[in-house]
Amino acid sequence: MATTDTAGFFFIDAKVGSTPTSVFKVDATGATTIAAGGLTVGGGVTVSNTGLMVSAGGASITGGITAVDTGVTVTTGGARVYDTGTTADTLTVKNTATTGIFSGALLSLDTSTLTTGFSLISASVAGGSPKFSVEASGLTTIAAGGLSVAGGVTITNTGLTVTTGGASITDTGTTTSTLTLTNSNNVFDKALLSMDSTATSGFSLISAKVGGTPQFTVTAGGATTIYSGGLSIKGGVTVVDTGITVSAGDVLISSNTQSGAANSGALVVTGGVGVGRDLRCAGTIYGTVNSSSDRRLKTAIRDVESSQEIIRQLRPVTYKWRRDEIPARNFPAGEYPGFLADEVERILPDLVQEDGDGWKSLNYVGIIPHLVRAVQEMQGQLETSQSQMARMQQQIDAMLAARA
């Protein structure tokens, strides 16, 4: 078809019906309008220069479509991509620029008139079940499946809120922390980590495990349990209300601060101290010590018959502690009087104990009853001797009087 005119006519104007209605037109410029029935293309279609415009009814294309220059614009009716394949992606957006720097977006979503009431993205699976959506405000909702992020995530302004399903952070790295909380505001006065629940009991605020084994938990009531590893505190600790209970293990205060007064030292207790078992000290004890001695606490009570021989066998000595050879015992300097537990053990074995390291200790207080009994025996012997001497003096006096 050829004509000398350049406008105002149609190359093709296809009409149907008793009242002819155009269904397909090609005007003088080459613009093609399909008024009804849509467009089916087999073997692909290439659109260049001003692109492809579908104003209504949509377009159905089999065999693919290639749009160059200004691309594809759909003004009314929307665009849908249908796929029955199983091996390729249904929609792929790709930029193949080889020169310059690509500074646009592979996928740009924009609405120039509406601001609310719609979704930028709405992703569903079979049955219309929503899985993922992005509202006009930017609010992103993941309805199922959770969120997996590789390469880090930065959240600004209002932060991150997970309403259902919880949040899980999985890390396979070995050189950085799995979760780091940092606030760079110089006047920050809130909490780096805040935990809150409407429930009041029956759950844990913190449950820390290694290999599935609990190591550290904090219950809803605030009770903290350290299952292993102990507790190391720097900077002091203040315990109020119900105090502190250690059910197993040790409480270790790693300090070599000496105590020069009742209010100084590595551990200072302003109140009383109750100890339910043995108390061992690798230093010097200052103060007044009282030993339990109530008759109601004792049984199998017997008098000590004789102690003079026991006291005679004891060897009082003076000694110095081996401070340089055994510094861990914190022995004081100077010379001291006393006994050797090894020797006393042969005479009074009940007064000597041996600790887990094999060191022997002596109950010096236990020697006092034997000292008292020995003095009593000597007092009795002295009184007997004095009585005998008095009688002898009387006899001597009587003999002298008779001679006179």
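Quick note, in my numbering, the sequence shown goes up one by one and the last residue is 1637. Positions of the beta carbon are idealized from the N, C-alpha and C atoms, including for glycine. Everything numeric in this text was worked out from a predicted model, so none of it was measured.
So, is residue i buried or exposed, given that buried needs 16 or more other C-beta atoms within 10 angstroms?
{"i": "Phe1351", "result": "exposed"}
{"i": "Ala1607", "result": "buried"}
{"i": "Ile1600", "result": "buried"}
{"i": "Ser1461", "result": "exposed"}
{"i": "Leu1595", "result": "buried"}
{"i": "Ser1540", "result": "buried"}
{"i": "Val1522", "result": "exposed"}
{"i": "Val1443", "result": "exposed"}
{"i": "Val1585", "result": "buried"}
{"i": "Val1577", "result": "buried"}
Taking only the alpha-carbon atoms, compute the straight-line gap between residue i and residue j and give it to the nearest angstrom.
{"i": "Val1470", "j": "Gly1504", "result": "16 Å"}
{"i": "Asp1246", "j": "Thr1389", "result": "58 Å"}
{"i": "Thr1617", "j": "Gln1609", "result": "12 Å"}
{"i": "Val1479", "j": "Ala1383", "result": "42 Å"}
{"i": "Lys1327", "j": "Val1314", "result": "16 Å"}
{"i": "Ile1375", "j": "Ser1366", "result": "7 Å"}
{"i": "Arg1510", "j": "Ala1377", "result": "57 Å"}
{"i": "Gln1626", "j": "Gln1619", "result": "10 Å"}
{"i": "Phe1449", "j": "Leu1464", "result": "11 Å"}
{"i": "Ile1477", "j": "Val1484", "result": "11 Å"}
{"i": "Lys1593", "j": "Asn1563", "result": "16 Å"}
{"i": "Ile1486", "j": "Leu1500", "result": "8 Å"}
{"i": "Gly1719", "j": "Gly1445", "result": "Absent from the structure is residue 1719, since the part of the chain shown begins at 1234 and ends at 1637."}
{"i": "Gln1621", "j": "Asp1630", "result": "14 Å"}
{"i": "Arg1545", "j": "Leu1604", "result": "10 Å"}
{"i": "Asp1404", "j": "Thr1344", "result": "38 Å"}
{"i": "Gln1614", "j": "Asp1583", "result": "28 Å"}
Taking the alpha-carbon of residue i as reference, which of the options has the nearest alpha-carbon?
{"i": "Ala1432", "options": "Val1382, Ile1439, Ala1453", "result": "Ala1453"}
{"i": "Pro1602", "options": "Thr1237, Gln1619, Ser1526", "result": "Ser1526"}
{"i": "Leu1180", "options": "Gly1435, Phe1436, Leu1412", "result": "Any property of residue 1180 remains undetermined from this structure, which presents the chain solely from 1234 to 1637."}
{"i": "Arg1548", "options": "Phe1243, Arg1624, Asp1575, Ala1631", "result": "Asp1575"}
{"i": "Ala1515", "options": "Ile1559, Asn1416, Thr1332", "result": "Ile1559"}
{"i": "Thr1243", "options": "Val1249, Ala1261, Gly1250", "result": "Here the sequence assigns Phe to residue 1243, which means Thr is not the residue at that position. Considering only alpha carbons, the answer is Ala1261."}
{"i": "Gly1567", "options": "Ala1561, Ser1524, Arg1555", "result": "Arg1555"}
So residue i and residue j are supposed to be a Cβ contact under 8 Å. How far apart are they, rounded?
{"i": "Ile1534", "j": "Leu1581", "result": "Contact flag wrong, Cβ pair sits at about 18 Å."}
{"i": "Pro1565", "j": "Thr1490", "result": "Their Cβ separation, rounded to whole angstroms, is 16 Å, which puts Pro1565 and Thr1490 out of contact at 8 Å."}
{"i": "Ser1357", "j": "Lys1364", "result": "6 Å"}
{"i": "Gly1392", "j": "Gly1379", "result": "Between Gly1379 and Gly1392 the Cβ distance is about 18 Å, and since that is not below 8 Å, they are no contact."}
{"i": "Thr1279", "j": "Thr1299", "result": "5 Å"}
{"i": "Tyr1569", "j": "Tyr1597", "result": "That pair is no contact at about 12 Å."}
Taking the Cβ atom as the reference point for each residue, do residue i and residue j lie within a distance shorter than 8 Å?
{"i": "Ile1439", "j": "Val1420", "result": "no"}
{"i": "Val1550", "j": "Gly1571", "result": "yes"}
{"i": "Thr1264", "j": "Ser1255", "result": "It should be pointed out that residue 1264 corresponds to Ala in this sequence rather than to Thr. Not in contact: Ala1264 and Ser1255 (Cβ atoms no closer than 8 Å)."}
{"i": "Thr1308", "j": "Asp1316", "result": "no"}
{"i": "Thr1252", "j": "Lys1258", "result": "no"}
{"i": "Leu1342", "j": "Leu1353", "result": "yes"}
{"i": "Phe1436", "j": "Ser1430", "result": "yes"}
Any C-beta of chain C sitting closer than 8 Å to the C-beta of residue i?
{"i": "Thr1319", "result": "Absent from the structure is chain C; it holds one protein chain and no more."}
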